[in-house]
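Trainee: Here it is: the structure, laid out below.
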Amino acid sequence: MKTSLEVIHYKTQKPIQLILEGERISKVIESDSNDNNIFLSPGLVDLQVNGFQGIDFNEDKFSEEDVITLTTHLWQVGVTSYMPTLITGSDQKISKAIKTIVNACSINALVDQSILGIHLEGPFISKEEGPRGAHPLEFVQEPNWDLFKSWQELAEGRIKLITLSPEWDKAVDFIERCAESGVKVAIGHTAANSLQIEAAVKAGASLSTHLGNAAHLMLARHPNYIWDQLAAEELWTSLIGDGFHLPNSVLKVFMKVKPNKTFLISDSTKFAGLTPGNYSSPIGGEIQLSSSGRLSMRHNPALLAGSASTLLHGINYLIQNDLARPDEAIDMASVKPFEYLSGAAQSTFTKGEKADFLVFEKKGSKIKLLQTIKSGEIVYSV
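Numbering (the UniProt record's numbering), first residue to last: 1 to 382.
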């Protein structure tokens with residue numbers, strides 16, 4: 001079945017016609033005119049999704065059907081590819097969560113195509129208050145290759161990214177083994193010193209997870225683990241661009257230092273997409289979600305309780321605060337994460353490319369989603 005799209009290229013601003021055959025592009029034609037003000041961009045790619053719209057990958061009760069439902073909810077906010085993210089927990093809890101995700105992928109082919117792999121955020125992180133964030137202390141442990149291998153076997157090789165702290169003695173050996181096996185390693189939730197970070201990068205670590213967050217409230221001016229990671233040219237940087245986790249000045253500096261190696265993540269919890277109000281969470285306790293989308297501790301509103309944002313919100317935040325052009329912000333939430341994972345620059349709208357797209361219009365300085373196309377199928381439409 002052939003489908004035709006007449007749109008404006010998000011980057012060139014020129015009208016194009018795309019012919020889709022099945023799940024891929026069969027032809028790209030430059031058009032003479034297009035007056036509909038409808039734009040096309042790559043689908044969004046979120047490498048850190050803890051939950052969304054009431055479903056949490058880190059709660060005991062989530063099911064295969066929940067994975068499928070959550071994926072369809074993400075399509076509704078433009079995310080065509082993502083990584084379910086599992087945080088620190090008991091060995092058994094992580095094993096159960098992995099199996100549930102794998103089973104869901106075997107049930108639904110389009111969900112399988114949407115899940116790029118599993119992001120394991122812990123349990124090999126710092127025990128210190130601040131860097132540990134909301135991860136439960138009792139389950140934090142040193143890197144354990146045999147344990148990781150058992151999880152990877154359960155995952156059928158689907159664990160593609162792991163966030164850890166290189167402050168552990170066994171970290172370098174563990175990172176080397178991951179790199180050799182094709183698993184990407186990120187530094188995060190860390191209190192590592194300069195030498196430990198340098199050793200981790202040499203061993204194969206390639207990313208800083210939500211740089212600037214999950215850190216001590218007070219740090220030495222220099223050296224510290226934020227400067228060390230920012231200075232390491234080998235490391236990519238993921239950022240939560242929701243306007244709450246990092247001030248604009250920090251976002252601007254991070255993006256300027258690594259303009260070609262920075263991408264957005266949502267780091268969304270199950271409270272993303274819910275109505276404002278008070279909620280109870282197994283991790284964090286009593287929390288509140290404001291009308292502006294800020295998620296904080298109810299009895300200490302100065303402390304964030306995670307992210308209730310989406311990648312689309314992050315794109316619009318960068319645009320509206322003059323931190324990035326629309327095409328730059330879109331790239332940071334689509335082609336850049338793919339480039340990090342693949343190690344190669346990503347093309348857009350070329351023959352043979354998989355048809356994962358967003359159709360949108362511009363409303364002032366805001367991008368409004370009209371359709372999400374996954375593998376050539378319209379999976380969401382206003």
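Virtual Cβ for every residue (Gly too), placed ideally from N, Cα, C.
Answer with buried or exposed for ASN50, where buried requires no fewer than 16 other C-beta atoms within 10 angstroms of its C-beta.
Mentor: Numbered from its first residue, the sequence shown carries residue 50 at position 50. Result: buried.
Trainee: With a threshold of 16 other CB atoms inside 10 Å of the CB of MET255, please say whether the residue is buried or exposed.
Mentor: Your numbering for residue 255 matches position 255 in the sequence shown. MET255 is buried by the Cβ-count criterion.
Trainee: In the DSSP assignment, what are the bridge partners of HIS119?
Mentor: Counted from its first residue, the sequence shown places residue 119 at position 119. HIS119 pairs with THR85, LEU161.
Trainee: Indicate whether the contact test is met: 3 or more Cβ pairs, each with one atom in the region 229–242 and one in the region 206–215, closer than 8 angstroms.
Mentor: Judged by Cβ distances under 8 angstroms, the region 229–242 makes contact with the region 206–215, as three or more pairs qualify.
Trainee: Closest by CA to HIS189, which one among SER150, PRO131, PHE139?
Mentor: Your numbering for residue 189 matches position 189 in the sequence shown. Cα-wise, what sits closest to HIS189 is PRO131.
Trainee: Which residues mark the beginning and the end of the beta strand (DSSP E) in which TRP236 is found?
Mentor: Sequence index remark: in the sequence shown, residue 236 carries index 236 (1-based). Where TRP236 is concerned, the enclosing beta strand (DSSP E) stretches over 236–240.
Trainee: Please name the residue or residues paired with PRO42 in a DSSP beta bridge.
Mentor: Residue mapping note: residue 42 aligns to position 42 of the sequence shown, counting from 1. According to DSSP, PRO42 bridges with PHE357.
Trainee: Does DSSP classify PRO326 as helix, strand or coil?
Mentor: By 1-based counting over the sequence shown, the position of residue 326 is 326. Correct three-state label for PRO326: helix.
Trainee: Starting from LEU137, follow its DSSP beta bridges and name the residues at the other end.
Mentor: In the sequence shown, residue 137 corresponds to position 137, counting from 1. BP columns for LEU137 are empty, so no partner.
Trainee: By the three-class DSSP mapping on this structure, what secondary structure does ALA344 have?
Mentor: As a first step, residue 344 must be located in the sequence shown, where it is residue number 344. Of the three classes helix, strand and coil, the one that applies to ALA344 here is coil, per DSSP.
Trainee: Please name the residue in GLN371, LEU120, PRO259, PRO247 whose C-alpha comes closest to that of ALA155.
Mentor: One-based indexing of the sequence shown puts residue 155 at position 155. The shortest Cα separation from ALA155 among GLN371, LEU120, PRO259, PRO247 belongs to LEU120.
Trainee: Can you look up HIS73 in the DSSP assignment and give me helix, strand or coil?
Mentor: Mapped onto the sequence shown, residue 73 falls at position 73. Reduced to three states, the DSSP call for HIS73 is helix.
Trainee: For GLY376, I'd like the list of residues in its chain whose CB is within less than 6 angstroms of its CB, leaving aside the five on either flank, ordered along the chain.
Mentor: As a working note, residue 376 is residue 376 in the sequence shown. Excluding residues within five positions, the ones whose Cβ falls inside 6 angstroms are LEU20, GLY22, GLU23, ALA355.
Trainee: If you reduce the DSSP assignment to three classes, tell me which class PHE57 lands in.
Mentor: Reading the sequence shown from its first residue, position 57 is the one you call residue 57. Three-state DSSP puts PHE57 in coil, outside helix and strand.
Trainee: Could you round the C-beta distance between LEU82 and LEU116 to whole angstroms and report it? I think they count as a contact, below 8 angstroms.
Mentor: By 1-based counting over the sequence shown, the position of residue 82 is 82. By 1-based counting over the sequence shown, the position of residue 116 is 116. Checking the displayed sequence, the identity of residue 82 turns out to be Tyr instead of Leu. Rounded, the Cβ-Cβ distance is 7 angstroms, consistent with contact.
Trainee: Use the C-beta contact count for residue 383: other C-beta atoms within 10 angstroms, 16 or more gives buried, fewer gives exposed.
Mentor: Past the edges of the chain, shown from 1 to 382, lies residue 383, and the structure says nothing about it.
Trainee: Leaving out five residues before and five after VAL77 in sequence, what residues of the same chain have Cβ atoms less than 6 angstroms from its Cβ?
Mentor: Within the sequence shown, numbered from 1, the residue matching residue 77 stands at position 77. Taken in chain order, the residues that qualify are THR310, LEU312.
Trainee: How is the beta strand (DSSP E) around TYR380 delimited, first residue to last?
Mentor: Residue mapping note: residue 380 aligns to position 380 of the sequence shown, counting from 1. It spans 377–381 - the beta strand (DSSP E) in which TYR380 sits, taken as one unbroken run.
Trainee: Would you say GLY122 and THR80 are within 8 angstroms of each other, going by their C-beta atoms?
Mentor: Within the sequence shown, residue 122 is the residue found at index 122, counting from 1. Within the sequence shown, residue 80 is the residue found at index 80, counting from 1. No, the Cβ-Cβ distance between GLY122 and THR80 is not below 8 angstroms.
Trainee: Under 8 angstroms by Cβ, that's how I've got ASP322 and TYR10 pegged, so tell me the actual separation to the nearest angstrom.
Mentor: Position 322 of the sequence shown, counting from 1, holds the residue named residue 322. Position 10 of the sequence shown, counting from 1, holds the residue named residue 10. Wrong, their Cβ atoms sit about 18 angstroms apart, outside the cutoff.
Trainee: Within a Cβ cutoff of 6 angstroms, which residues of the same chain sit near TYR340, ignoring the five residues on either side of it in sequence?
Mentor: Taking the sequence shown and counting its residues from 1, one reaches residue 340 at position 340. Excluding sequence neighbours, TYR340 sits near TRP236.
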